[in-house]
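Residue numbers (UniProt numbering): 1 to 323.
All residues carry an ideal CB built from backbone N, CA and C; glycine is no exception.
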């Protein structure tokens, strides 16, 4: 199969340049072989290319594809359009048994940890990780299921309704999905960001917007979400949350983050980490068009044009690859 491969380099831990090459498809016992039709480039992929954790392998975890082969017990999946949950778990540990497979201590993670990802013509996943895509969703929209599901995870962690005052801090890829998901509850959602063009998109989704956190008095919101990907985002989220409010942390910034936590203690804030989410709810959000994605896509590129694709992705919201 053709794939974008990042090589490990223990001497040069900075920027890495993936190479397009032909590599063998690794058949994993009991898993399905999926032909990738679209894969989305996200911030995590860009960090891996920049040398995060000295990653080596095939990146990519947002994808849509068609099942080409499956074990005998899962043959009914063949020919179906699918998306896939990225955490592959053992199924027998305490986390798996209690229903939180994404926290399995021995899990592999598609395109991130011990499992080759979707920037390739084919990818392998167990059938338990797959979700069929309804005909009403195009491939270009279905590729957003994984990040939309991550946005929906907030709704499983925090009660949000039409009386909730919400601030989503960050106007990037994930932030705009989170804003739409929370807006679908009837909550009053304000998207706070630094890019007027991206905030105009938020306004087109029905959200209020602000270019600066200084627009608001401190402690103005019931729920704040840090989706900045920057070290100062969490501090902003803490400062804007009302006493006994909730702060959801969606950024996976790697490095030392200078945060004053005493306001969280004094104001008795609830701080919640939030990562992967329910795919069924993500699909439903897209089918019902509570989340709109077409205006987020800056372009679609063949795998051979990956250099251009990554360059565009660094300055735009979403870029798709077509393996």
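By a C-beta neighbour count over all protein chains shown, 10 Å radius and 16 as the cutoff for buried, is residue i buried or exposed?
i           : result
residue 90  : exposed
residue 17  : exposed
residue 81  : buried
residue 244 : exposed
residue 79  : exposed
residue 65  : buried
residue 72  : exposed
residue 173 : buried
residue 168 : buried
residue 132 : exposed
residue 314 : exposed
residue 293 : buried
residue 106 : exposed
residue 45  : buried
DSSP on residue i, reduced to helix/strand/coil?
i           : result
residue 87  : strand
residue 183 : helix
residue 120 : strand
residue 40  : strand
residue 315 : coil
residue 162 : coil
residue 82  : strand
residue 128 : helix
residue 157 : helix
residue 140 : helix
residue 52  : helix
residue 30  : coil
residue 296 : helix
residue 7   : coil
residue 70  : coil
residue 98  : coil
residue 172 : coil
residue 310 : helix
residue 287 : helix
residue 75  : helix
residue 23  : coil
residue 64  : strand
residue 110 : coil
What separation, rounded to the nearest whole angstrom, lies between the Cα atoms of residue i and residue j?
i           : j           : result
residue 6   : residue 121 : 16 Å
residue 253 : residue 151 : 17 Å
residue 184 : residue 290 : 6 Å
residue 208 : residue 234 : 20 Å
residue 157 : residue 22  : 42 Å
residue 100 : residue 308 : 38 Å
residue 304 : residue 67  : 23 Å
residue 54  : residue 48  : 7 Å
residue 273 : residue 159 : 15 Å
residue 125 : residue 149 : 18 Å
residue 276 : residue 113 : 15 Å
residue 281 : residue 134 : 13 Å
residue 138 : residue 188 : 30 Å
residue 70  : residue 312 : 35 Å
residue 1   : residue 19  : 13 Å
residue 256 : residue 75  : 48 Å
residue 116 : residue 271 : 33 Å
residue 250 : residue 58  : 24 Å
residue 261 : residue 192 : 21 Å
residue 108 : residue 102 : 9 Å
residue 87  : residue 28  : 15 Å
residue 320 : residue 35  : 15 Å
residue 182 : residue 310 : 29 Å
residue 201 : residue 25  : 40 Å
residue 316 : residue 242 : 32 Å
residue 155 : residue 269 : 18 Å
Quick one: measure Cβ to Cβ for residue i and residue j, integer angstroms, because I've assumed they're closer than 8 Å.
i           : j           : result
residue 205 : residue 180 : 5 Å
residue 195 : residue 171 : 5 Å
residue 322 : residue 295 : Not a contact, Cβ separation roughly 20 Å.
residue 240 : residue 221 : 5 Å
residue 39  : residue 118 : 4 Å
residue 306 : residue 4   : 6 Å
residue 229 : residue 43  : 6 Å
residue 84  : residue 130 : 5 Å
residue 146 : residue 62  : 5 Å
residue 186 : residue 214 : Not quite, the Cβ-Cβ distance comes to about 27 Å (not below 8 Å), so this is no contact.
residue 127 : residue 32  : 6 Å
residue 223 : residue 190 : Not really, about 11 Å apart at Cβ, beyond 8 Å.
residue 98  : residue 104 : With 8 Å as the limit, residue 98 and residue 104 do not qualify as a contact, their Cβ atoms being about 10 Å apart.
residue 283 : residue 263 : Not quite, the Cβ-Cβ distance comes to about 38 Å (not below 8 Å), so this is no contact.
Report whether the distance from the Cβ of residue i to the nearest heavy atom of the ligand FMN is below 6 Å.
i          : result
residue 81 : With respect to small molecules bound, the structure shown includes none, and the ligand FMN cannot be examined in it.
Could I get the ranges of all uninterrupted alpha helix (DSSP H) runs contained in the UniProt domain "Alcohol dehydrogenase-like C-terminal" (174-281), with 4 residues as the minimum, in chain order?
196-204, 233-240, 262-266
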